[in-house]
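Trainee: Supplied in structure tokens, the structure appears directly below.
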Amino acid sequence: MLLYSEFLLLGLEHTFSYWERTAFTDNADVIIIGSGIVGLSAALHLKRQQPELKVTVLERGFLPSGASTKNAGFACFGTLSEQIAYLKKSSEEDVLRLVDYKWRGLQRLRENLGDGNIDFHQYGGYELFMHGEEARAEESLDHLDYFNGLLKQVVGSSDIYKPADAKIADFGFDKVSRMIYNPYEGQIHTGKMMRALLNKVYEADVLVLNQCNVNNINQDNNGVRLNTSHGDFKAGKVILATNAFAAQLYPELDVVPGRGQVLVTKLIPGLKLKGTYHFNDGYYYFRNIEGSVLFGGGRNIDFKEEETWDFGHTEEVKAKLVEYLNEMILPGQKTEIDYWWSGIMGFGADISPIIKEVQPNVFCAVRCNGMGVAMGSLVGEEVAELALQ
Ligand SMILES: Cc1cc2nc3c(=O)[nH]c(=O)nc-3n(C[C@H](O)[C@H](O)[C@H](O)COP(=O)(O)OP(=O)(O)OC[C@H]3O[C@@H](n4cnc5c(N)ncnc54)[C@H](O)[C@@H]3O)c2cc1C
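Numbers in our numbering are just positions in the sequence shown, counted from 1, shifted up by 369.
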């Protein structure tokens with residue numbers, strides 16, 4: 370009899386039984402690579418459109434291991450200065466299209482999963498301008514009426530962005546000179562959102578297999594063959610939903626990774642923060658989570674260093690986050706950091722996601738540009754529609 374280690378050496382652990390082949394590895398109509406919000410939303414849409422389809426999701430992590438379980442859980446569609454920055458390099462129609470996409474994406478996420486299941490709360494969001502950024506604040510305020518008028522077409526109200534300087538003192542911030550409020554911004558519990566999405570796809574009889582890395586994808590007689598860390602799988606069609614990691618399988622795709630480092634504090638008695646907060650062009654963001662503060666960002670300190678597929682931290686980013694936390698967000702309070710984590714986003718020169726056929730019967734839906742909570746549900750649906758055509 371062979372020992373298990375000898376099995377591994379001979380590659381025999383990949384010999385699937387007849388039963389495994391016909392029920393697990395070779396019977397999928399569609400295999401989705403990646404169980405983030407995009408991959409699972411695609412799976413859900415496929416099953417809703419064609420319940421008889423056999424859909425399998427292959428995920429290399431023990432849990433989803435990219436951005437979907439690691440993000441900040443902001444349900445947002447852009448600060449005023451983000452809209453201005455985008456308008457400077459694109460048209461009014463483009464700005465409107467992007468906001469509309471994120472807005473509709475958020476509504477779809479809420480419809481799909483239910484507000485209660487994802488802890489959705491519309492506490493509103495704030496953009497902060499620091500001392501020394503008064504000119505940028507003025508520029509934003511000068512555009513306030515224009516954007517409120519423009520975005521009314523999407524949000525249904527022109528009462529979107531409004532000055533909120535009077536609240537700076539209420540929150541106890543230091544070094545903040547101006548603030549703009551958006552009541553339509555919300556927040557979710559990212560972990561609950563992903564659990565709810567997984568429950569939906571399980572209910573729809575989607576097979577989700579974890580710790581299964583896809584090494585390469587090849588054309589096969591009647592479909593596509595995927596070589597994985599557990600042997601070969603066959604499918605009629607494949608959806609690549611690997612976001613930041615897309616170029617590992619298709620180097621020609623314009624997706625570069627961008628790491629986001631995040632901390633969460635221990636409980637803060639009498640915490641005054643409630644809502645989502647952004648500053649420095651959105652490179653820093655913080656929010657309340659029950660009685661603690663989540664704070665992340667700082668990718669702009671060294672873009673090259675953060676252009677990585679590796680999870681982890683750098684001392685520079687950690688030091689900057691701690692400095693802002695202690696001096697600006699919670700000044701004069703002895704705040705203890707509970708722990709840190711990081712997640713990997715997918716960016717590109719173009720701000721829109723890539724949804725297209727990359728080779729016969731292989732479709733990709735990648736590059737959410739750090740906005741996948743907002744747009745991921747629709748990105749998943751669109752690639753599913755493409756695969757169904
Ligand atoms: C720190 C941080 C904060 C963020 N905050 C927000 C926010 O507040 N609001 C917002 O809208 N967006 C936010 N985002 C962005 C958002 O989380 C992402 O855009 C979104 O999760 C992307 O979803 P996805 O399904 O495309 O990718 P992912 O969630 O990254 O999923 C891709 C999956 O593919 C798997 N995979 C990769 N390669 C392979 C392979 N070869 N074989 C098998 N599996 C593979 C990975 O393990 C991963 O689970 C944030 C992201 C980060 C990191």
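Even for Gly, the Cβ is constructed at its ideal location relative to N, Cα and C.
Evaluate contact between the segment 491 to 506 and the segment 435 to 449, counting only Cβ atoms and requiring at least three cross-stretch pairs below 8 Å.
Mentor: With the cut-off at 8 Å, the segment 491 to 506 and the segment 435 to 449 touch.
Trainee: Can you say whether residue 612 is buried or exposed, counting buried as having 16 or more other CB atoms within 10 angstroms of its CB?
Mentor: By the 10 Å Cβ count, residue 612 comes out buried.
Trainee: Using only CA atoms, which one of 408, 396, 399, 661 lies nearest to residue 615?
Mentor: Selected option, being the one with the closest Cα: 408.
Trainee: Would the C-beta of residue 614 count as close to ligand 1, meaning under 6 Å from any of its heavy atoms?
Mentor: Yes; taking the cut-off as 6 Å, the Cβ of residue 614 has a heavy atom of ligand 1 nearer than that.
Trainee: Within its chain, find whatever has a CB closer than 7 Å to the CB of residue 433; leave out the 5 residues flanking it on each side and keep chain order.
Mentor: So the qualifying residues of the chain are 404, 405, 563.
Trainee: Which whole-angstrom value describes the C-beta separation of residue 662 and residue 708, a residue pair presumed to lie in contact below a C-beta threshold of 8 Å?
Mentor: 13 Å between Cβ atoms; not a contact.
Trainee: At what residues does the alpha helix (DSSP H) containing residue 414 begin and finish?
Mentor: Its alpha helix (DSSP H) spans residues 406 to 418.
Trainee: At a cut-off of 6 Å, would you count residue 557 as near ligand 1, judging by its Cβ distance to the nearest heavy atom?
Mentor: No.
Trainee: For ligand 1, I want to know if residue 677 counts as a neighbour, meaning its beta carbon is within less than 6 Å of at least one of the ligand's heavy atoms.
Mentor: Outside the cutoff, so no.
Trainee: Where DSSP assigns a beta bridge to residue 650, which residues make up the other side?
Mentor: Looking at the DSSP assignment, residue 650 forms no beta bridge with any residue, so it has no partner.
Trainee: In three-state terms, what does DSSP make of residue 728?
Mentor: Three-state DSSP puts residue 728 in a strand.
Trainee: What does DSSP give as the partner residue(s) for residue 700 in the beta ladder?
Mentor: In DSSP, residue 700 forms no bridge with anything.
Trainee: Have a look at the DSSP bridge pairing and note the partners of residue 545.
Mentor: DSSP lists 499 as partners of residue 545.
Trainee: Rounded to whole angstroms, what is the Cα-Cα separation between residue 690 and residue 397?
Mentor: Between residue 690 and residue 397, the C-alpha separation is close to 45 Å.
Trainee: Excluding sequence positions up to five away, which residues of its chain have a Cβ less than 8 Å from the Cβ of residue 793?
Mentor: Any question about residue 793 goes unanswered here, given that the chain covers just 370 to 758.
Trainee: Just the C-alpha distance for residue 589 and residue 553, rounded to the nearest angstrom, thanks.
Mentor: For residue 589 and residue 553, the distance between alpha carbons rounds to 48 Å.
Trainee: For a test of the three-state rule: what should DSSP assign to residue 573, helix, strand or coil?
Mentor: Residue 573 falls in the coil class under three-state DSSP.
Trainee: Helix, strand or coil: how does DSSP classify residue 556 here?
Mentor: It is a strand residue.
Trainee: Starting from residue 606, follow its DSSP beta bridges and name the residues at the other end.
Mentor: Answer is 399.
Trainee: What residue range is occupied by the uninterrupted alpha helix (DSSP H) comprising residue 617?
Mentor: That run of the alpha helix (DSSP H) goes 615 to 618.
Trainee: Residue 700: buried (16+ other C-beta within 10 angstroms of its C-beta) or exposed?
Mentor: It counts as exposed.
Trainee: Give me the DSSP bridge partner(s) of residue 431.
Mentor: None, per the DSSP bridge assignment.
Trainee: Looking only at its own chain, which residues have a Cβ that is under 7 Å from the Cβ of residue 685, when we skip the five neighbours before and after it?
Mentor: Excluding sequence neighbours, residue 685 sits near 670, 671.
Trainee: With a threshold of 7 Å on Cβ separation, who are the neighbours of residue 524 within its own chain once the five nearest residues in sequence on each side are excluded?
Mentor: Excluding sequence neighbours, residue 524 sits near 472, 553.
Trainee: Leaving out five residues on either side along the sequence, give the residues of the same chain with a beta carbon under 6 Å from the beta carbon of residue 748.
Mentor: Contacts found: 407, 722, 734.
Trainee: With a 10 Å radius around its C-beta and 16 neighbouring C-beta atoms as the bar for buried, classify residue 417 as buried or exposed.
Mentor: With fewer than 16 Cβ atoms within 10 Å of its Cβ, residue 417 is classed as exposed.
Trainee: Determine the burial state of residue 647: buried for a count of at least 16 other Cβ atoms within 10 Å of its Cβ, exposed for fewer.
Mentor: Answer is buried; the Cβ neighbour count reaches 16.
Trainee: For the putative contact between residue 573 and residue 456, defined by C-beta atoms under 8 Å, what is the C-beta separation to the nearest angstrom?
Mentor: Contact flag wrong, Cβ pair sits at about 40 Å.
Trainee: So what does residue 713 bridge to, in DSSP terms?
Mentor: Note: residue 713 sits in a beta bridge opposite 628.
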